[in-house]
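Asks:
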Amino acid sequence: MLLPTIPRTRLRPGDRPAVDTPFGPLLFTTTVGNTALPPRPDELFALPGGRTVARWSVPAARVELLLTPYDAELDPGTWGPLTDCRAAVWRIDARAPLDRVRFSASLPERLADKADAGWDGGQALAAITVDDDTTKLTVGGHDEEAICWAGSAGEAPSRWAAMIDDVYDRSPLTWGVDFGHHHGISWTLPPLVPGDHCELPVVAAWAPATDDTENTWYAVTASPAALLRQVAAPVQGVVS
82 MLLPTIPRTR LRPGDRPAVD TPFGPLLFTT TVGNTALPPR PDELFALPGG
132 RTVARWSVPA ARVELLLTPY DAELDPGTWG PLTDCRAAVW RIDARAPLDR
182 VRFSASLPER LADKADAGWD GGQALAAITV DDDTTKLTVG GHDEEAICWA
232 GSAGEAPSRW AAMIDDVYDR SPLTWGVDFG HHHGISWTLP PLVPGDHCEL
282 PVVAAWAPAT DDTENTWYAV TASPAALLRQ VAAPVQGVVS
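Listed below in structure tokens is the structure:
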């Protein structure tokens, strides 16, 4: 469960959870087995600071999605200021064996006419950057290497850490990250067994297109643990 000690208020589930960006809404989709979870969550909770946690529940799994503002704390002596930065932490808790789980974060397939989108990953980061004459937007999260490291960090099953050799050897994988047509990112997870959980981060940061300091790229490199710590910090020690 995400942030179990943070006080929350139950809301009536409305529209699907999304991050509003200059290039349209960043929408999230989860597929468990062959079933896509509905856009509207089963439950929705408000957390302090304008944050929300959406929850879906099916017999095989529970899925949660935290949406939160994010302060990337970039060094102003190195990086230009961001216009805004928003983050998500997605979590699945398996109740049954799951051979296929897929999570996606996608911008509209049809972007503005002058917008250019492309892959921008590297250094354990899966990312795309979209820009036009006025704005650059980077959306990022874990690549396959970082998914394996998450197994060592307690953010995924520990056995996933052993799969890093397959990633480094470029062995054929039945799981991994897909960029599609560069308007979004999809993560297909390795198999899960009952009791497993996995947390994945998604960060969207944007700034003026004239800023060439790569600030949006560095802003989206946060881990789930870093995002959750920032959410918990203002209310540390408060138990719901």
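The sequence shown maps to residues 82 to 321 in the working numbering. Even for Gly, the Cβ is constructed at its ideal location relative to N, Cα and C. These figures come from a predicted structure and were not determined experimentally.
1) By the 10 Å Cβ neighbour count, where 16 or more other Cβ atoms means buried, how is D277 classified, buried or exposed?
2) Quick one: residues in its chain with C-beta nearer than 7 Å to the C-beta of R132, no 5 flanking neighbours on either side, listed in chain order?
3) Go to T325, then tell me how far its beta strand (DSSP E) extends in each direction, as first and last residue.
4) So, with DSSP's three-state summary, where would you put L270?
5) Report yes if the CB atom of I266 is closer than 8 Å to the CB atom of V220, and no otherwise.
6) Less than 8 Å between the C-beta atoms of R181 and G114, yes or no?
7) For D247, report the span of its alpha helix (DSSP H) as first-last.
8) For S321, which of helix, strand or coil comes out of DSSP?
9) Excluding sequence positions up to five away, which residues of its chain have a Cβ less than 6 Å from the Cβ of A237?
10) Considering only the beta carbon of each residue, do A306 and V284 sit closer than 8 Å?
11) To the nearest whole angstrom, what separates the beta carbons of R136 and P122, a pair I think is in contact under 8 Å?
12) Can you pull the DSSP bridge partners for E280?
13) Given this structure, state the Cα-to-Cα distance separating D152 from L107, to the nearest angstrom.
14) Please list the terminal residues of the continuous alpha helix (DSSP H) segment that includes L309.
15) Suppose the cutoff is 8 Å on Cβ atoms and the five residues either side in sequence are ignored; what does the same chain contact list for A314 look like?
16) Return the CA-CA distance between H119 and G257, expressed in angstroms with no decimal places.
17) With H, G and I counted as helix, E and B as strand and the rest as coil, what does DSSP make of W160?
18) Please identify the residue among H263, D213, V100, E154 whose C-alpha is closest to the C-alpha of T291.
19) Measure the alpha-carbon distance for F184 versus G158 and round it to whole angstroms.
20) Please report the distance separating the alpha-carbon of V139 from that of W160.
21) Count the other C-beta atoms from every protein chain shown that fall within 10 angstroms of the C-beta of D101, then say buried if there are 16 or more, exposed otherwise.
Replies: So, from the data block:
1) For the purposes of this step, residue 277 is taken as the residue at position 196 of the sequence shown. It counts as buried.
2) Residue numbering aside, residue 132 sits at position 51 when the sequence shown is read from its first letter. For R132, where only same-chain residues beyond five positions count, the Cβ hits under 7 Å are L147, L148, T149, V312.
3) Given that the chain is displayed from residue 82 to residue 321, the structure contains no residue 325 and the question cannot be resolved.
4) For this step, residue 270 is matched to residue 189 along the sequence shown. Looking at L270 - three-state DSSP - the assignment turns out to be coil, as it is neither helix nor strand.
5) Locating residue 266 in the sequence shown gives position 185, where the first residue counts as 1. Locating residue 220 in the sequence shown gives position 139, where the first residue counts as 1. Yes, they are a contact pair.
6) The count along the sequence shown starts at 1 and reaches residue 181 at position 100. The count along the sequence shown starts at 1 and reaches residue 114 at position 33. A contact, by the Cβ cut-off of 8 Å.
7) In the sequence shown, the residue the question calls residue 247 occupies position 166. Residues 245-249.
8) The sequence position of residue 321 within the sequence shown is 240, counting from 1. At S321 the pLDDT is 37, less than 50, meaning the model places this residue with poor confidence and gives no usable figure here.
9) Within the sequence shown, residue 237 is the residue found at index 156, counting from 1. Excluding residues within five positions, the ones whose Cβ falls inside 6 Å are A231, C279.
10) For the purposes of this step, residue 306 is taken as the residue at position 225 of the sequence shown. For the purposes of this step, residue 284 is taken as the residue at position 203 of the sequence shown. No, they are not a contact pair.
11) Here residue 136 corresponds to residue number 55 of the sequence shown, with the count starting at 1. Here residue 122 corresponds to residue number 41 of the sequence shown, with the count starting at 1. With a Cβ gap of about 6 Å, R136 and P122 count as contacting.
12) By 1-based counting over the sequence shown, the position of residue 280 is 199. Beta-bridge pairing links E280 to R172.
13) Within the sequence shown, the letter at position 71 stands for residue 152. Within the sequence shown, the letter at position 26 stands for residue 107. One C-alpha to the other measures close to 18 Å.
14) In the sequence shown, residue 309 corresponds to position 228, counting from 1. From DSSP, the alpha helix (DSSP H) with L309 extends over 305-313.
15) Residue 314 sits at position 233 when you count from the first residue of the sequence shown. Within the same chain, A314 has no close Cβ partners at all.
16) Counting from 1 along the sequence shown, the entry for residue 119 is found at position 38. Counting from 1 along the sequence shown, the entry for residue 257 is found at position 176. For the record, residue 119 in the displayed sequence is Pro; it is not His. Each residue's alpha carbon lies about 23 Å from the other.
17) As a working note, residue 160 is residue 79 in the sequence shown. W160 falls in the coil class under three-state DSSP.
18) To locate residue 291, count along the sequence shown from 1; it is residue 210. Minimum Cα distance to T291 is reached at D213.
19) Counted from its first residue, the sequence shown places residue 184 at position 103. Counted from its first residue, the sequence shown places residue 158 at position 77. Those two C-alpha atoms are separated by around 36 Å.
20) Working through the sequence shown from its first residue, we reach residue 139 at position 58. Working through the sequence shown from its first residue, we reach residue 160 at position 79. Their backbone Cα atoms lie some 43 Å apart in a straight line.
21) Translated into the one-based positions of the sequence shown, residue 101 becomes position 20. That one is exposed.
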